[in-house]
Amino acid sequence: MSDARSQRPPDDEDGIEMSPAALDDFLETAGDGVLTLHADEPYSFPVSFGYDVATGRCVLQLVSAPDSAKRALLDDEADATLVAYEWTAPDDWRSVVVSGELARVPDDGAAHDVYAEQATPVGMSVFGTGAQNLDVEWYELDAASRSGRRSPR
């Protein structure tokens, strides 16, 4: 039995592939998504991010408790995938998947600027402890691959 989805035209209700320029535009405005660290068991969590079009990198400020599962999985370099999406209605949506290497970067101001301009603000109360007890580090996700689809509006 053949898969009916594979027989549909490419720009049907499954969405239309986004151009590189449309991917850049979306990533610059998305501000948040879900990051998955590729470990023995994948670990996913919501994040805020900024996107630097000039370098093709997503900039993240990752906050964690010293003994958290997230902290244990954050190496100097790790494979990761970021999914960002926007859904307004069944016929009005966009989603982008960015995969690559997640690496720690210094807080040299450049990462902070991109993040501050574009990331979705998030309160620290989600961590259940005071800010003084949290580790805050800057990371970049170097986009080795990007893909996105949008509704065929």
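Counting from 1, position 143 in the sequence shown corresponds to residue 143 in UniProt numbering; the numbering is continuous, with no gaps. Idealized CB from N, CA, C, for every residue including glycine. Keep in mind it's a predicted model, so treat the numbers as computed, not measured.
CB contact flag (residue i, residue j, <8 Å)
{"i": "Phe49", "j": "Val59", "result": "yes"}
{"i": "Met18", "j": "Arg153", "result": "no"}
{"i": "Ala144", "j": "Ser99", "result": "yes"}
{"i": "Leu35", "j": "Ala103", "result": "no"}
Element boundaries [alpha helix (DSSP H), containing residue i]
{"i": "Leu73", "result": "69-73"}
{"i": "Asp24", "result": "20-30"}
{"i": "Ala113", "result": "First, the amino acid is wrong: residue 113 is Asp here, not Ala. Element bounds for Asp113: 110-118."}
Identity of the residues DSSP links to residue i by a beta bridge
{"i": "Ser64", "result": "Asp135"}
{"i": "Phe45", "result": "Leu35"}
{"i": "Tyr51", "result": "Cys58"}
{"i": "Ala143", "result": "Gly100"}
{"i": "Gly148", "result": "Val96"}
Extent of the continuous beta strand (DSSP E) to which residue i belongs
{"i": "Ala84", "result": "77-89"}
{"i": "Asp92", "result": "92-105"}
Supposed close pair residue i, residue j - CB separation, criterion 8 Å
{"i": "Val47", "j": "Glu28", "result": "Between Glu28 and Val47 the Cβ distance is about 16 Å, and since that is not below 8 Å, they are no contact."}
{"i": "Leu141", "j": "Arg71", "result": "In fact, because the Cβ distance is near 18 Å, the residues do not count as touching under 8 Å."}
{"i": "Glu101", "j": "Glu117", "result": "No, Glu101 and Glu117 are not in contact; Cβ-Cβ is about 23 Å, not under 8 Å."}
{"i": "Ala30", "j": "Ala84", "result": "4 Å"}
{"i": "Tyr139", "j": "Leu62", "result": "6 Å"}
Practice item. Tell me, please, whether the region 133-151 touches the region 61-71 by the rule of three or more beta-carbon pairs shorter than 8 Å. Key: yes
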